[in-house]
Structure formats: C-alpha cells, structure tokens
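The sequence shown stops at residue 644 when you use the numbering used here, and every number in between is there. Presented below is the structure to which this report refers.
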Amino acid sequence: MESLSRSTVICSISRNPPHRPSPTNSLPSTSIFKPLLRRLKPLQLKVEVPEQLKTAPLNLLDRMVETVFRFEKEPTFIAGNFAPVAEIGEAVQVSAIEGGIPEGFPQGIYFRNGPNHVHPDLTAAVSVFGRTAYTSVEGDGMIHATYFSKDGEGNWNVSYKNKYVETESFLLEKNRNKKLFLPAAAGDPSGVLASFFINTVRCGQPVKFEANTGVFVHAGKVYAVSEQNLPYEIDPSNLDTLKSWDVNGTWDRPFTSHPKRVPHTGELVTMGVDIQRPHYVLGVISADGTKMLHKVDLKFKTGVLVHDLGVTENYNIIMDYPLGIGINRPLSGKPFIGYEQNGKSKIGVMPRFGNAESVSWFRVKNHCSFHIINTFEDGDEVVVRGCRTTGSVIPGPGHKANKLEWYRRAFQFPDKDSNTFDPSVDGSLFSRPYQWRLNMKNGAVTEAFLTGKEFAMDFPTINSRFVGLRNKYTYTQVVDSEASSNLGVGKFKMIAKLHFDLHDKDNEELIKVEYHALGEGQFCSGLEFVQNLQGTEEDDGWLISYVHDEKSDKSMVYIIDAKRFTEGPVARIELPQRVPYGFHGTYKYM
C-alpha cells in the first residue's frame, strides 16, 4: 500500500501467491475490486488524509471507524438456523443413527460450505455516508464435514467436524480480535464507496475474502471457494486451511464456485469474473491440477456476476446475463451489483481450447440463472439445462425498498393478471428448471420450462459421472416460497427427482417429477448425489443432505435411496451440534 499523505489516498493491491494465509495487517489481494481507488481519483472523489496518519497506530484507525460508523445487526443472520455456530474442535463420533448406512455406500467425506458470521451483530453499518449491509450470501466461510469409514471388521464409523475457512481476511480479524471489514456489497451507493475505501485503507482490500460458497475436489485435493478470490485448499482430515490455489502461479484472478470436470479427460474448466478488464477469463486446468493448459480472455465489455458455467465433450458453455457489477455503478448512484430487467442475455458455445472469436453466441430470453443443471451435445444441438430466474437474490431489494414486501412478492409465483403485477419484482426469484436447445448449424434457439408452477427449485445436483453428457435425472432442493419470503433467503422443504426422459402424466410438455418430502419444520441444504461405485445405472446411488429440524433444533444427515426416492431416508444421522443452513456440498470418495 502506498504511503498516506494529505493528497488523495491511492492503494495498490497486488495479486497474492499461493501461501498459507497469515494474520498480517496489510494484505495482498486477488479481489475483483482492484480498480476502486484508481477510479476515484479521476472522478474527483478525493479524501484528504492527515500526514500524521502515515505513522498512526492501528487503534487510531479503529477509533475513527468506531466514531464515524455505527454497527447494526441484520435479522436474517441471527434468525433460527441461519445463526452461526462455534467450531466443535476435534471430530466427534456419531452414534445416533436411525436406520443404517446402506450396503454399497462408499467410504468418504461429505462436505458442505456456507456462511457463519463471526460477528453476527455487526452485519450492517450506518454513517453519514448512508447504510450498508451484507447480502444474504456473505459471511465467514465454514466447512461442515461428516466422515464415513469402516473398521477392520466392516463396521461403520461416522464422525462430524466443522471449521472456519481461514482466509487472509479471517486471520486478520482473528489476529486483531475484532471486526474490521465494513459491509460493502449492498446499501446506499455513497455508503458502499465509503466502505470500499475505508476497508482498503484499513485492511488492504475492499471486501472480506470469505470462501463460503462452494467446495469441490480436483486431483484428490479439496478446495473451498467463493467468487471474490482464489480457492483455498482444505486438509480433509482436519479441515485446516492449507494455502490458496493459483495453479502454480498461472491463475491470478477470482475463481468460480462451480468449475466443471471435462468428460473422459478429467480436465477442469473454470472461469473468473472481474470488474476490471479482462472481465471474464476462462481456463482449462490439467487433470492432475498442476498446469494451466489454456487461459483466454473472452472480451466481455462490462463486469457481470456470472456464477456457473458448463462443459460438453467438445465445448465450454458460457452464460452471459445482465447482472452488472462495477465501481461505476455506485459512482453513478446505482447499487454496486444490479440486475437489468430490460437487459439482454446470451449463451456462448466455445470449443474447449478456443478463444473469444471462436465462441458461437445465442441470444436467449432475458434471465438471471445462477445454477446450471447439466450441458451436453445432442446431434446438431447443444442442450443447456438450468434453474431459471428472472431476477437476482444478490443484492436483493433496493436500499430504500420495503424488504419484507419485496421478498414476499419475489419468492412467490406471480399473478400476472394482478393490477399490481411488476415483472421486476413479482416471481423474480421463483426458480424453475429450464432448457435451452442451441442449434449449432442454423443458430436457432428453443427454450422452455421443464416443470410446472407448483414449486420453485434450485441447487441442482446430478451423478457426477454424467457431467457434460446426456443424462436422465437431476435432483434439486425444493423452495418453501412462504418461509423464504418471510426471511428474504431461500429455505428448502423437499427434494425433487426430475426424469428428463419421462413426461408429466397431466402435461406432456413438462417432465415427470417425484418429491421426497421432509418432515414438518425440516429444511435441507448441501444436496449431493453419492454414487454406488458398483452400480450400472445413472440413479444407482443415494442423495445425501444436511437437514435441520426447527422444532427440535437438531441437525441431521439424511441418506436417501435414489431408486426408492419417495420412500423415507435409509439413514438419519443425528449430529452433535446444529449445522446452519448453507450452500453447496460435495462427496470425496476414499
């Protein structure tokens, strides 16, 4: 960071090499916010800083922030099972198992990532600049792991452990024993700019690196990740954070939470989005995780917050929708992140080792679909399936909106005949499985919903053997629209099995869906398909999920037979402590 003077403060943020995060006071960064202060100067947003501040102790900065800013708590982050939990310490053996671990279930570790605020009472900040708050997807990353192993006599041992992902940001606050980062992603535009600036001066980076969204396995290693930064390697045996992963110095930018493994080759396709150019870079990583085989700028004109991508046997599938992100937005009075309801969406089909000029782009109906189900080739067509929405949960309603009313309308299926119908709000978060068919010969697009209006669905998972290949089934978490609208964050009351090759009995334009209902007051997260390694059919295996019972305040792991999907779980494993609702999971086979 450059020295501070009575002139405009300009902070340079360098890319961080792979390392074990250390609790320093000034941090290198792979943040997407690098150009923040560079943009402030030419726009005449100057901050005069006294010369004495160059050598002032850190507690002077602390007192300044404590004087100017008043912290508040966002109700969502302390509500019921969204409230954080402590680290449990050493792995705890689990003995309360109803049913039994099924025959053929593979030994392994079931991981799930999610936010777990260290300071849940300090999740919004108010100052003369305005109010800012964390979005529903932010919070310190915590990995939850359930271990399945057999002893020498073939008896199952099940244990549970959780641990924070110790990013540089996490260790900085831990070392100082206090909250340092101001909420910055949502709120009054002037407040967002102030938070970015103060975080950079105080902590060396505009936002906190959290690694709270995805968890994936590549070349036998486990990584926690969110879109702000590089992935962090996690020791599966004890959940220690080992180092950030930049593929031996070849990847110097954010990394998607949903990299995809290429069928047959085992290569890993990733992408990183950024508010500075290049806005979207795609990379192909070797199957052993040691080399960047291909890295290309797709020459996006603006920053967009794209969450997922797809692969087929020969192509990479690129989503492009108008969820804008950039410092120019709050500088012009807009939210830092914002979806353009009247914007344009397209899907790109790119040869595996192609470049920006080789991408075939297909214009599709405008959408904001975070999660892809699967992508594959079918004759002259490329098929893309995903969970489609017409709005974004990030950042949510505008800072002046009635949040409860906005979420109530956004999570419910819309009544388009209502006099008050507003397409920018009503039903915008009602996510439904959808299919795009892209004809590579004539450029035609056919698109339609796959399921009906009864339930919203999201967080899809499939048998990973079929990623990039034509498949028959997917499994999704079913949204409880009413419960979700009450809090402004997704809650999932059922699990669905979608049969792509079978029609709905009442409507041949839709596909068959089966439901696995959870008990009253029970909600799931981190749904994952676990293969029967001796199986021959796509649905030979089990669904595994963390389930919380809000009546008893107990958390469990459910194992559900994918072939006997509508029946009760074959195993209910009661965990030694509560597992807050979170995001994505994975299963590491041993």
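Note that beta-carbon positions come from the ideal geometry of N, C-alpha and C, so glycine has one too.
Cut-off 8 Å between Cβ atoms - residues of its own chain near F136, not counting five sequence neighbours on either side: T130, L541, V543, P634 and Y635
Do you know offhand how far K457's Cα is from Q395's? 19 Å
Cβ-Cβ separation, H425 to P514 (assumed contact under 8 Å), whole Å: 6 Å
Looking at N428 and T356, is the spacing between their C-beta atoms short of 8 Å? no
Can you look up Y461 in the DSSP assignment and give me helix, strand or coil? Looking at Y461 - three-state DSSP - the assignment turns out to be helix.
May I ask which residues mark the beginning and end of the beta strand (DSSP E) holding C441? E435 to R442
Among residues of its own chain, excluding the 5 on either side of Q576, which ones have a beta-carbon nearer than 6 Å to its beta-carbon? V601 and D603
Does the beta-carbon of D289 have 16 or more other beta-carbons within 10 angstroms, so that it is buried, or is it exposed? exposed
Leaving out five residues before and five after K400 in sequence, what residues of the same chain have Cβ atoms less than 7 Å from its Cβ? D374, W415, F416, R417 and V418
Nearest-angstrom Cα separation, counted from S149 out to K545: 28 Å
Suppose the cutoff is 8 Å on Cβ atoms and the five residues either side in sequence are ignored; what does the same chain contact list for P630 look like? I142, V146, V148 and Y214
Beta-carbon within less than 8 Å of P384's beta-carbon, same chain only, minus the 5 sequence neighbours each way: which residues are those? P243, S244, V246, L247 and F390
So, using beta-carbon positions, are G343 and W305 closer together than 8 Å? no
Proximity of T324 and T310 at Cβ, strictly below 8 Å: With contacts defined as CB atoms closer than 8 Å, T324 and T310 qualify as a contacting pair.
What is the DSSP secondary structure of L597, counted as helix, strand or coil? strand
Determine the DSSP secondary structure at G134, reduced to helix, strand or coil. helix
Residue span of the alpha helix (DSSP H) that contains D116, given as start and end: L112 to V122
Once the 5 residues before and after K484 are set aside, which same chain residues still bring their CB inside 6 Å of it? Strictly speaking, residue 484 in this sequence is Phe, with Lys absent from that position. If the five residues before and after F484 are omitted, its C-beta is found closer than 6 Å to the C-beta atoms of F467 and A510, all from its own chain and listed in chain order.
Where do the ends of the beta strand (DSSP E) carrying I252 lie? Annotation: I252 is outside any beta strand (DSSP E); the continuous alpha helix (DSSP H) that includes it extends over P243 to C257.
Since E592 and K551 should fall inside the 8 Å C-beta cutoff, what is the C-beta to C-beta distance between them, to a whole number of angstroms? Incorrect: roughly 11 Å between the Cβ atoms, too far for contact.
Do the stretch 257–270 and the stretch 188–201 touch if we need at least three Cβ pairs shorter than 8 Å? Remark: three or more beta-carbon pairs, one from each stretch, lie closer than 8 Å, so the stretch 257–270 and the stretch 188–201 are flagged as touching.
Am I right that I197 and K217 are in contact with their C-beta atoms under 8 Å? What's the rounded C-beta distance? 6 Å
Minimum C-alpha distance to R442 - residue among D480, E411, Y488 and R406: Y488
Let's see if you can read the secondary structure: which residues bound the beta strand (DSSP E) around S213? Element bounds for S213: W210 to Y218.
In or out: D480 buried (at least 16 other Cβ within 10 Å) or exposed? buried
L385 - DSSP class collapsed to helix/strand/coil: helix
Count the other CB atoms, across all protein chains shown, that sit within 10 Å of the CB of K108; report buried if there are 16 or more and exposed otherwise. No answer about K108 holds up, because its pLDDT of 49 lies below 50 and its placement is not dependable.
By DSSP, does L483 sit in helix, in strand, or in coil? In this structure, L483 counts as coil in the three-state DSSP scheme.
Excluding five sequence neighbours on each side, which residues of the same chain lie with their C-beta closer than 6 Å to the C-beta of K26? Because the chain spans 55 through 644 in this model, residue 26 falls outside it and cannot be assessed.
With a CB to CB cut of under 7 Å and the five nearest residues on each side skipped, what residues in its chain are close to T177? K127, E128, F131, H171, A187, Y188 and P237
When burial is assigned at 16 or more other CB atoms within 10 Å of the CB, is I627 buried or exposed? Of the other Cβ atoms in all chains shown, 16 or more fall within 10 Å of the Cβ of I627; this residue is therefore buried.
Taking the alpha-carbon positions, what's the A455 to F465 distance? In this structure, the alpha-carbon of A455 lies about 16 Å from that of F465.
What are the complete beta strand (DSSP E) segments, minimum 3 residues, inside the stretch 564–598? 565–571 and 576–585
Keeping to the same chain, check which residues put their C-beta closer than 7 Å to that of T640; ignore five residues upstream and five downstream. F165, V269, F270, V271 and E582
What are the boundary residues of the beta strand (DSSP E) that includes L336? Y334 to I339
Residues of its chain near G589, where Cβ-Cβ distance is below 7 Å and the 5 sequence neighbours each way are ignored: G595
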